[in-house]
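Novice: Mind having a look at this structure? Questions to follow.
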Amino acid sequence: MREIGTDMPKDQITDVIADDIIWSNFGEKPPTVAVVIPTYKTSIEEMKELLLSIKGQVYPIGDVYLSYNDNPNDPDRSKRRAKQDEFAAFQKLVDEVNAMNGKNNCKILLLAQPSRGKREAMAMGFALSCGEKYTNVKHPDAEIANLINIPPNSHDFTLNIDSDTRIADKFALLNSMLMMNKENPRTGKKPAALTGDVQVINRDINLLSEMTYQRYKRAFFVERAAQSLSDDVTCLSGPWVLLDNDKLAQILDDWYYQEFLGQRGTYGDDRNISTLLNEQGEAVIFCPDSKVETDCPTDWPTFLKQQLRWNKSFNRENLRLFPVLHNLDKFVQLDVIYQQTFAFAMLYIMSNITGNAVLTGMESGALEGIKTVIPYAAIVLIYNELFFGLYGALSNDKDLKFFLSPVYIGYHFSALLWLKIYAFFKMKDTSWGTKGADQDTILEEFDDNKDRIIQEIIDEIKKDI
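Counted from 1, the sequence shown has number 442 at position 442 by the working numbering; the numbering is strictly sequential.
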């Protein structure tokens with residue numbers, strides 16, 4: 001260990017301590033990590049901030065695979081120039097960041113790819129990160145391995161980070177790696193994957209973003225934290241997913257080729273990784289000390305489209321989990337069943353309460369009808385303020401904004417409850433809604449424009465002859 005001098009700057013002191021922690025836990029050759037960043041419609045400013053935060057991590061990173069998922073060689077000439085300009089700007093940024101000195105002198109590689117969705121972009125990075133770990137497991141035949149043409153080098157771990165993510169501090173990866181290196185004393189397992197603490201950075205925009213911030217807090221520090229006690233986290237979150245490549249290589253094909261109701265999987269990519277690992281009895285955990293930040297929707301149309309996509313994957317993956325649910329911890333079993341049945345149970349309960357109120361109102365007057373609802377509303381309000389309001393405030397540095405949590409009840413019963421039920425019947429729909437298009441739409445667009453595209457290609461060839 002290097003000596004810490006009294007005149008050392010604070011950053012240098014923390015770097016020395018980090019190096020000592022890495023050496024004492026992992027030895028002279030710590031496990032290698034590759035970062036995968038699927039990107040689509042990300043600004044240069046956002047990407048630069050993310051890449052610099054990656055270079056600032058104290059734990060060593062080997063390669064960063066930036067998978068540009070918007071086809072710079074688009075057959076549509078009207079789109080091609082703009083995409084090529086954007087791709088060139090990304091390459092310039094990558095060259096600039098690679099030339100910078102940092103705590104972490106990782107190599108950033110920009111990968112071009114047709115616009116086929118986030119899963120395609122992730123898969124390209126995953127395959128490069130796994131290298132021989134993937135080909136040795138899935139394609140041991142040398143000729144087939146050569147045909148696939150994945151570089152033989154491999155890393156020990158893959159960190160997936162969504163492109164709109166900001167890493168909050170330079171110890172995020174080290175904290176995750178320390179948890180991946182430990183066995184759970186209750187289960188005796190080392191984790192196959194973990195997810196970090198994802199927080200909303202644009203909390204103060206409006207009431208919707210405030211409620212989303214609070215929902216994220218509950219999702220990670222209540223739901224995932226509870227599931228993590230038994231190594232049974234059922235939902236990894238895209239902004240921070242760390243994977244053991246030996247385990248990833250085993251499930252990569254099943255994840256990439258996922259189908260549901262005859263449709264290729266195009267949403268719920270992170271959630272499906274969790275399900276595949278849960279099915280195999282692998283440990284999946286939550287790391288509260290790996291904090292990252294992301295933007296949330298601040299308008300209702302975008303928010304509802306996002307929630308519809310998330311709820312579709314929620315329903316699909318829960319249905320897939322049910323056959324192996326008995327292998328999970330009994331409290332996680334109850335949690336999954338509760339989450340899956342909650343919307344339908346609430347619909348039944350609300351129908352009964354509303355029906356009773358209407359009948360009472362018709363017989364004894366509107367005021368009497370309203371009175372029948374008051375006890376139920378009071379119970380929900382008191383429970384919410386005690387569990388979400390008071391607990392939220394006390395566990396978040398006495399943040400009094402958590403007492404606004406009853407507003408979320410209004411959001412839930414007026415919109416989200418019905419969206420959950422609607423999503424159950426829309427699982428076959430593969431569209432993203434917020435950024436992407438479904439497969440049928442892509443094919444229709446190509447069919448409408450194929451003659452023009454073919455003629456443009458012919459014109460380009462004639463120029464070169």
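All residues carry an ideal CB built from backbone N, CA and C; glycine is no exception.
Go ahead and label L308 buried or exposed: buried means 16 or more other beta carbons lie within 10 angstroms of its beta carbon, across all protein chains shown.
Specialist: On the sequence shown, position 308 is the one that residue 308 refers to. Per the 10 Å Cβ criterion, buried.
Novice: Just how far apart, CA to CA, sit D169 and L128?
Specialist: One-based indexing of the sequence shown puts residue 169 at position 169. One-based indexing of the sequence shown puts residue 128 at position 128. Each residue's alpha carbon lies about 27 Å from the other.
Novice: For D164, count neighbouring C-beta atoms within 10 Å of its own C-beta (all shown protein chains included) and say buried if the count is 16 or more, exposed if not.
Specialist: One-based indexing of the sequence shown puts residue 164 at position 164. The residue in question, D164, is buried, as its Cβ has 16 or more Cβ neighbours within 10 Å.
Novice: Decide if A377 is buried, meaning its Cβ has at least 16 other Cβ atoms within 10 Å, or exposed.
Specialist: On the sequence shown, position 377 is the one that residue 377 refers to. Looking at its Cβ environment, which holds fewer than 16 other Cβ atoms inside 10 Å, A377 is exposed.
Novice: With 16 as the cutoff for other CB atoms within 10 Å, does E183 come out buried or exposed?
Specialist: Within the sequence shown, residue 183 is the residue found at index 183, counting from 1. It counts as exposed.
Novice: Given this structure, state the Cα-to-Cα distance separating E120 from K189, to the nearest angstrom.
Specialist: As a position in the sequence shown, residue 120 is number 120, starting the count at 1. As a position in the sequence shown, residue 189 is number 189, starting the count at 1. Near 30 Å, if we compare the C-alpha coordinates of K189 and E120.
Novice: Let me know the secondary structure DSSP gives Q263 once reduced to three states.
Specialist: Numbered from 1 along the sequence shown, position 263 holds the residue referred to as residue 263. In the structure shown, Q263 sits in a strand (DSSP, three-state: E or B).
Novice: What would DSSP say about K107, mapped onto helix, strand or coil?
Specialist: What you label residue 107 is simply residue 107 of the sequence shown in a count that begins at 1. In the structure shown, K107 sits in a strand (DSSP, three-state: E or B).
Novice: Between which residues of its own chain and D19 is the CB-CB distance below 6 Å, once the five residues before and five after are set aside?
Specialist: Walking along the sequence shown from the start, residue 19 turns up at place 19. Within the same chain, D19 has no close Cβ partners at all.
Novice: For V324 and P72, I'd like the C-alpha separation in whole angstroms.
Specialist: As a first step, residue 324 is located in the sequence shown; it is residue number 324 there, counting from the start. As a first step, residue 72 is located in the sequence shown; it is residue number 72 there, counting from the start. Cα to Cα, the separation comes out at about 43 Å.
Novice: Could you give the distance in angstroms between the alpha-carbon of R81 and the alpha-carbon of Q280?
Specialist: The residue labelled residue 81 in the question sits at position 81 within the sequence shown. The residue labelled residue 280 in the question sits at position 280 within the sequence shown. Distance between the alpha carbons of R81 and Q280: 46 Å.
Novice: What residue does the beta strand (DSSP E) around G196 start on, and which one ends it?
Specialist: Locating residue 196 in the sequence shown gives position 196, counting from the first residue. Residues 191-200.
Novice: In angstroms with no decimal places, state the Cα-to-Cα distance between E445 and A172.
Specialist: Numbered from its first residue, the sequence shown carries residue 445 at position 445. Numbered from its first residue, the sequence shown carries residue 172 at position 172. Below a pLDDT of 50, predicted positions are generally treated as unreliable, and E445, at 47, falls in that range; no measurement from the model is reported.
Novice: On the three-state DSSP scale, how would you describe I37?
Specialist: The residue labelled residue 37 in the question sits at position 37 within the sequence shown. The answer is strand: DSSP assigns I37 an E or B state.
Novice: Tell me which residue opens and which closes the alpha helix (DSSP H) that N384 is part of.
Specialist: Counting from one through the sequence shown, the residue named residue 384 turns up at place 384. Segment 366-384, the alpha helix (DSSP H) holding N384.
Novice: Could you have a look at F468 and say whether DSSP puts it in helix, strand or coil?
Specialist: Lying outside 1 to 465, the shown extent of the chain, residue 468 is not represented and no answer is given.
Novice: Using CA atoms only, rank isn't needed, just tell me which of Q227, I379, I251 is closest to D329.
Specialist: On the sequence shown, position 329 is the one that residue 329 refers to. Of the candidates Q227, I379, I251, the one whose C-alpha sits nearest the C-alpha of D329 is Q227.
Novice: Should V64 be labelled buried (16 or more other beta-carbon atoms within 10 Å of its own) or exposed?
Specialist: Translated into positions along the sequence shown, residue 64 becomes position 64. With 16 or more other Cβ atoms within 10 Å, it is buried.
Novice: Could you check how far apart the C-beta atoms of A343 and I421 are, in whole angstroms? I think they sit under 8 Å.
Specialist: Taking the first residue of the sequence shown as 1, we reach residue 343 at position 343. Taking the first residue of the sequence shown as 1, we reach residue 421 at position 421. Indeed they touch by this definition, with Cβ atoms about 5 Å apart.
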